[in-house]
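K.L.:
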Amino acid sequence: PFYLSHTLAEGGGANAVNVIIVDFRGFDTLGEISVMAIAALTVHALLAPFVPREGQGLPLVAAAPPLMLQLVSRLALPFALLVSIYLLLRGHNLPGGGFIAGLVLALGLLLQYVAHGLAWVDQRSRVNHIEWIGAGLLLALCTGLASWWFGAPLLTSSYDYPWLAGIGGVPLASAGVFDLGVFFVVTGATLLMLLAMWIHIQRHAHA
8 PFYLSHTLAE GGGANAVNVI IVDFRGFDTL GEISVMAIAA LTVHALLAPF VPREGQGLPL
68 VAAAPPLMLQ LVSRLALPFA LLVSIYLLLR GHNLPGGGFI AGLVLALGLL LQYVAHGLAW
128 VDQRSRVNHI EWIGAGLLLA LCTGLASWWF GAPLLTSSYD YPWLAGIGGV PLASAGVFDL
188 GVFFVVTGAT LLMLLAMWIH IQRHAHA
């Protein structure tokens, strides 16, 4: 009852669950994404010797995937990106948020590896999953530290409704930037762990 009655008044959002995650209990969430990042980096470090070197072209599946899967995966990626952005932006007032948005994008990217193989994706992408994790943690931490600049406790959130002509009041909360950090960590950590385990399994399958 406390959160439901104070979510909109003090957190500037109507989605009580997401406001709790990124505002009222933001310190817990910062700890959770830190643990997730550590877990992903640990899995990567343990399985790193099994990651193929550039040029080996190890596929993620034993046989060549169907052409239809390759076509669908390419069409699904921009749709997954669009849905993830939609979920991220609506999360403070409607069901959504950085966690689910990160998982949606991670699944869309993972499908590319399944459909085309590791080498194909690496040749066309410069995404570094570890850098995504680092950027997300840094963004979330800096958002929390920024409140000190205004003399407020760590991770204190602020919100406003700036008026835009033809649109009206647009809800903006500093917790949204924190949620963006969550989004980056979840996306990077999910891909880093799943790909490391998958490549490890495939190497043993081909041994």
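Here the working numbering is used: the first residue of the sequence shown is 8, the next is one more, and so on.
Just so it is clear, CB atoms sit at the ideal spot from N, CA and C, and this is done for glycine as well.
Thinking H51 and A180 are a contact (beta carbons under 8 Å), I'd like their distance in whole angstroms, please.
P.N.:
For this step, residue 51 is matched to residue 44 along the sequence shown. For this step, residue 180 is matched to residue 173 along the sequence shown. About 33 Å; that fails the 8 Å criterion.
K.L.:
Do you know offhand how far A21's Cα is from A172's?
P.N.:
In the sequence shown, residue 21 corresponds to position 14, counting from 1. In the sequence shown, residue 172 corresponds to position 165, counting from 1. Roughly 23 Å between the two C-alpha positions.
K.L.:
Give, in chain order, every unbroken run of the beta strand (DSSP E) that is at least 3 residues long and sits entirely within the region 109-180.
P.N.:
none
K.L.:
Use the C-beta contact count for M43: other C-beta atoms within 10 angstroms, 16 or more gives buried, fewer gives exposed.
P.N.:
As a working mapping, residue 43 is identified with position 36 in the sequence shown. So M43 counts as buried.
K.L.:
Contact between the region 174-191 and the region 117-132: three or more CB pairs below 8 Å?
P.N.:
no
K.L.:
Under a Cβ-count criterion, where at least 16 other Cβ atoms within 10 Å of its own Cβ denotes burial, should G18 be classed as buried or exposed?
P.N.:
As a first step, residue 18 is located in the sequence shown; it is residue number 11 there, counting from the start. Looking at its Cβ environment, which holds 16 or more other Cβ atoms inside 10 Å, G18 is buried.
K.L.:
Could you check the C-alpha separation between L145 and L118 for me, to the nearest Å?
P.N.:
If you number the sequence shown from 1, residue 145 lands on position 138. If you number the sequence shown from 1, residue 118 lands on position 111. As the crow flies, the alpha-carbon of L145 is around 28 Å from that of L118.
K.L.:
Determine the burial state of Y276: buried for a count of at least 16 other Cβ atoms within 10 Å of its Cβ, exposed for fewer.
P.N.:
The chain is shown only over 8 to 214; residue 276 falls outside these bounds and no answer can be derived.
K.L.:
DSSP state of H51, grouped into three classes?
P.N.:
If you number the sequence shown from 1, residue 51 lands on position 44. For H51, the three-state secondary structure derived from DSSP is helix.
K.L.:
Which residue from R32, A46, D35 puts its Cα closest to that of L198?
P.N.:
Indexing the sequence shown from 1 puts residue 198 at position 191. Closest by alpha carbon: A46.
K.L.:
DSSP three-state label for R81, please.
P.N.:
Taking the sequence shown and counting its residues from 1, the one referred to as residue 81 is at position 74. Three-state DSSP puts R81 in a helix.
K.L.:
Between which two residues does the alpha helix (DSSP H) carrying N25 extend?
P.N.:
Numbered from its first residue, the sequence shown carries residue 25 at position 18. Note, N25: alpha helix (DSSP H), 23-26.
K.L.:
State the start and end residues of the unbroken alpha helix (DSSP H) segment that holds F9.
P.N.:
Position 2 of the sequence shown, counted from the start, is the residue given in the question as residue 9. That run of the alpha helix (DSSP H) goes 9-18.
K.L.:
Just to confirm before moving on: does the CB-CB distance between I107 and L94 stay below 8 Å?
P.N.:
Here residue 107 is taken as the residue at index 100 of the sequence shown, counted from 1. Here residue 94 is taken as the residue at index 87 of the sequence shown, counted from 1. Cβ distance < 8 Å, so I107 and L94 count as in contact.
K.L.:
Whose C-alpha, out of T49, V111, H123, is nearest the C-alpha of Q77?
P.N.:
Looking up residue 77 in the sequence shown gives position 70. Comparing Cα-Cα distances from Q77 to each of T49, V111, H123, the minimum goes to H123.
K.L.:
If G115 and L84 are in contact, beta carbons under 8 Å, what's the gap, nearest whole angstrom?
P.N.:
If you number the sequence shown from 1, residue 115 lands on position 108. If you number the sequence shown from 1, residue 84 lands on position 77. Right, their Cβ atoms sit about 5 Å apart.
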